[in-house]
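Take a look at the structure below.
Numbering (the numbering used here), first residue to last: 683 to 1138.
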């Protein structure tokens, strides 16, 4: 997996003495191979060691960009952009996507043609893949696992003009953020060092380096697809997380006719969506539990593994199954003697569990693949976008043929199968990651070249 573009020779003895004297001034050090340059522990220019103000500013802008982007075209862009960001950096993608997305919104708002609107929406989706998937890489670059628990948790006609105005302003603000990809920042530091020392053979240690565009296309561009079909964790997490989010889209089509059968008007039948929203907010309670577990591990001096942060999945999976079974058999036509509040209570539980499963599994993927997190999340986004587009289309025919009770029961049965995954991940997850070339290589690189004193 590690590729070498060209052979570098170690500096001669006199050059090496000069180099060793200068490296501490730049917060760098010589790699164990005596050839490459790597980050020194505590370097303030590494994203993990940025000031809290800089971290909050950059991350807020990046997440703010995410709020305005989510369309089906991201299924395509999600495969292309994350590996690009891992090789060539993330800042340029953020700036370009923000500017072009604003232009696409203007196109949608101004053109009188349905074809033009469709093209604008497709382009928006393609560009929306950048903040949706690459943002995870930026957060992984900048925060350790303890901080990520909270960062990701806080993250989820004139309308398009307003979006264009906001994203236009956001484009200007994004010009002020810093690049967060450590390998690219290290390359810049080494380039400065080459000018100072006049040693042309100095090279930063970059395991993701692509010598040319052809190698990038061959190795990195297809990495999300490769991860999806060859990595068990990526495959399982992508399917479960995609189903969780797709269920929200399915409910948009399924809930109105179900609650109309309770006697609700068309407008009133949309109110139960508020129950799902209420359930989403309950995830903050689980984040407090996560923090307690992390603090307990740290107090005991135990290493914090990705499997130690699956608490929300352990809780959410069985709750989702219970919620869907409860909802399935407290609604008409099979059940007509129960008040609608019972089924709404089930939706609160479903909203909580759907959010937990998506959030926790995304974090598990990030912790398992570290520097390849963006590519792993790209695979997840691809499956999620496809299922989110497909399930609402089949919901009406399924409800018509099977009826509401049996249709939701099918979903409940799928959720019941998912209950087996948390114990399997907790027991065998570490072993699966140890057998994964990507996870193993990513962890090795992280341990060798990290500057984070608190660990990943």
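Beta carbons: idealized from backbone N, C-alpha and C, even for Gly.
Just so you know, these numbers come straight off a predicted model, no measurement behind them.
If you draw a straight line from the C-alpha of residue 1003 to the C-alpha of residue 1098, how long is it? Residue 1003 and residue 1098 have their C-alpha atoms spaced approximately 5 Å apart.
Got a sec? Which residues, its chain only, sit under 7 Å from residue 1078 by beta carbon, not counting five neighbours each side? 935
Nearest residue (CA-CA) to residue 775, options 708, 725 and 853: 853
Does residue 913 come out as helix, strand or coil in the three-state DSSP assignment? coil
Identify which residue in 860, 1025, 846 and 715 has its Cα closest to the Cα of residue 728. 860
With distance defined between alpha-carbon atoms, name the residue in 922, 1083, 991 and 945 nearest to residue 1061. For residue 1061, the closest of 922, 1083, 991 and 945 by C-alpha to C-alpha distance is 922.
Tell me the rounded alpha-carbon separation between residue 784 and residue 1114. 42 Å
Quick check: residue 712 and residue 721, are their CB atoms within less than 8 Å of each other? Against a cut-off of 8 Å, the Cβ pair of residue 721 and residue 712 comes out as no contact.
Length of the line joining the Cα atoms of residue 771 and residue 715: Their Cα atoms are separated by approximately 25 Å.
Output needed for residue 876: all residues of its chain with C-beta closer than 7 Å, excluding positions within five of it in sequence on either side, in chain order. Cβ neighbours of residue 876 beyond the five flanking positions: 882 and 884.
Is it true that the segment 855-873 meets the segment 823-831, where meeting means three or more beta-carbon pairs spaced less than 8 Å apart? yes
Taking the straight line between their C-alpha atoms, what separation do you get for residue 797 and residue 787? Note that residue 797 has pLDDT 48, beneath the 50 cutoff, so the model's placement of it is unreliable and no number is given.
For residue 954 versus residue 1026, is the C-beta distance shorter than 8 Å? yes
To which residues of the same chain is residue 988 closer than 7 Å at the C-beta, ignoring the five residues directly before and after it? 1046, 1049, 1050 and 1111
Any idea what DSSP makes of residue 1022, helix, strand or coil? helix
The segment 961-969 touching the segment 1064-1084, judged by at least three CB pairs closer than 8 Å: no
Within a Cβ cutoff of 7 Å, which residues of the same chain sit near residue 753, ignoring the five residues on either side of it in sequence? The pLDDT assigned to residue 753 is 45, lower than 50, so where the model puts this residue is not dependable; a value taken from the coordinates is nonetheless given after this. 803, 806, 807 and 810.
Inter-residue CB distance, residue 779 and residue 819 (contact presumed, cutoff 8 Å): The pair is not a contact, with the Cβ atoms about 14 Å apart (cut-off 8 Å).
Any alpha helix (DSSP H) of 4 or more consecutive residues that is wholly inside the segment 910-997: 914-942, 955-963 and 965-981
So for residue 712, helix, strand or coil by DSSP? In the three-state scheme derived from DSSP, where H, G and I count as helix and E and B as strand, residue 712 is classed as strand.
Taking one C-beta from the segment 911-919 and one from the segment 1008-1019 each time, how about it: are there three or more such pairs within less than 8 Å? Contact check between the segment 911-919 and the segment 1008-1019: fewer than three CB pairs, one atom from each, fall below 8 Å, which does not count as touching.
Can you name, in chain order, every residue of its own chain whose Cβ lies under 8 Å from the Cβ of residue 927, other than the five neighbours on each side? 1036, 1040, 1066, 1069 and 1070
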